[in-house]
Structures are given as C-alpha cells and as structure tokens.
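Structural data, given as structure tokens:
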C-alpha cells in the first residue's frame, strides 16, 4: 500500500514540476501553437515571445499584444536594414495571409515584452492577449523556456533572453511572409 502511495505522490510531484506546455488555441480559422518565451536574467528589462499562427481562413492581421509581465507589450521584427540587423516595432501589425502559417521566432517577428516587472523564470507561464484585426482577441499561454532556448524544449542558442540567432532569411520589410 505504501508503494502505491509513493508512486502516486512521485507522479503528482513530477507532473506539477514540469513546465506547462502551451496548448494550441483556435480562434475562428486561426490556430496558435508553440507559444513560448525565454527565461530572463535578474536585471533584464525586456524579453521576446514567440508563437506560430496558422490561418485556414481569409487574410487577417495580428494588430496588438498585451501582457501583465511588462510595462509595454509590442509586436516587433528583426530585419537586415542597410546590411545591419535591427529591431523595429510593427506599428501596422503583422499580416497573417489566408492559407499560410506565420512563425514569430527568434531573429524575426516576435512579441516584445518591454520593461519587465520581474524576471521570466523557466517553468512558469505568461498569459498574453493577442488581438487580430478580424478574428479579435484571444488569450494564449506562453511557456517560459530556459535562457538561450531556440524553441520549446529545443536547446541553447546565443544571447540570454534576447534575440540571438539573427539569421532568418527574411526579406527587408517583410511583415509576415
């Protein structure tokens, strides 16, 4: 009997200590998957959020993001401008063309958490409201992966909590294709 209780307790503790895996979220014809962010060092002022958006319907546009973990939450893009990698806000949002998948990922399009209220810690989750021009708002849970992660559970990259791995094959000014 004690063995059964011990096994049950071990399973329960393991399940509650694992990072929460972000579940796919569907909003109309949009499916949002693999939502994640990186853990940040104690004094970091910003962090990036990443998600894959698949559009099985008509053209739409991601127009804003909001989260309580930071003073501001914006949509940004890393792009090569005049031979230099630069980050810029996407004031007009990010196009989500009909029938396509748009990946917000390190070194490209992403959600930017500016003025973090506290460090993002591995294993935690961050609720983020993403608002689309046509589909409307949806809350997505971003899992916090380790510092330097390249993706959900995919290992280490370069640049703690920042925008490492800048090569992304994007064309200048590309807003989502």
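In my numbering, the protein residues as written are -6 to 170.
Note that the Cβ used here is the ideal one computed from N, Cα and C, for glycine as well.
Since the structure is predicted, the reported quantities are computational estimates derived from the model, not experimental observations.
Report all residues from its chain with a CB closer than 6 Å to the CB of residue i; omit the five preceding and five following residues, and keep chain order.
i	result
residue 47	24, 94
residue 147	With a pLDDT of only 44 at residue 147, under the threshold of 50, the placement of this residue in the model should not be trusted, and no figure is reported.
residue 66	58, 59, 60, 106
residue 130	122, 124
residue 96	45
residue 142	31
residue 149	The pLDDT assigned to residue 149 is 36, lower than 50, so where the model puts this residue is not dependable; a value taken from the coordinates is nonetheless given after this. For residue 149, where only same-chain residues beyond five positions count, the Cβ hits under 6 Å are 141.
residue 98	43
residue 102	70, 87
Sort the options by Cα distance to residue i and report the nearest one.
i	options	result
residue 125	64, 86, 26	86
residue 135	111, 37, 42, 114	42
residue 132	33, 91, 44	44
residue 77	67, 100, 90	100
residue 30	130, 129, 123, 118	118
residue 40	97, 58, 104	104
residue 49	66, 35, 20	20
residue 35	129, 16, 110	110
Whose C-beta lies closer than 7 Å to the C-beta of residue i among residues of the same chain, with five residues either side of it excluded?
i	result
residue 64	107, 108
residue 18	25, 131, 133
Given a cut-off of 8 Å on the beta-carbon distance, is the pair residue i and residue j in contact?
i	j	result
residue 53	residue 139	no
residue 121	residue 32	no
residue 55	residue 89	yes
Whose C-beta lies closer than 8 Å to the C-beta of residue i among residues of the same chain, with five residues either side of it excluded?
i	result
residue 51	22, 91, 127
residue 16	134
Residue i and residue j look like a contact to me (Cβ under 8 Å); what is the Cβ gap, rounded to whole Å?
i	j	result
residue 62	residue 113	7 Å
residue 83	residue 68	4 Å
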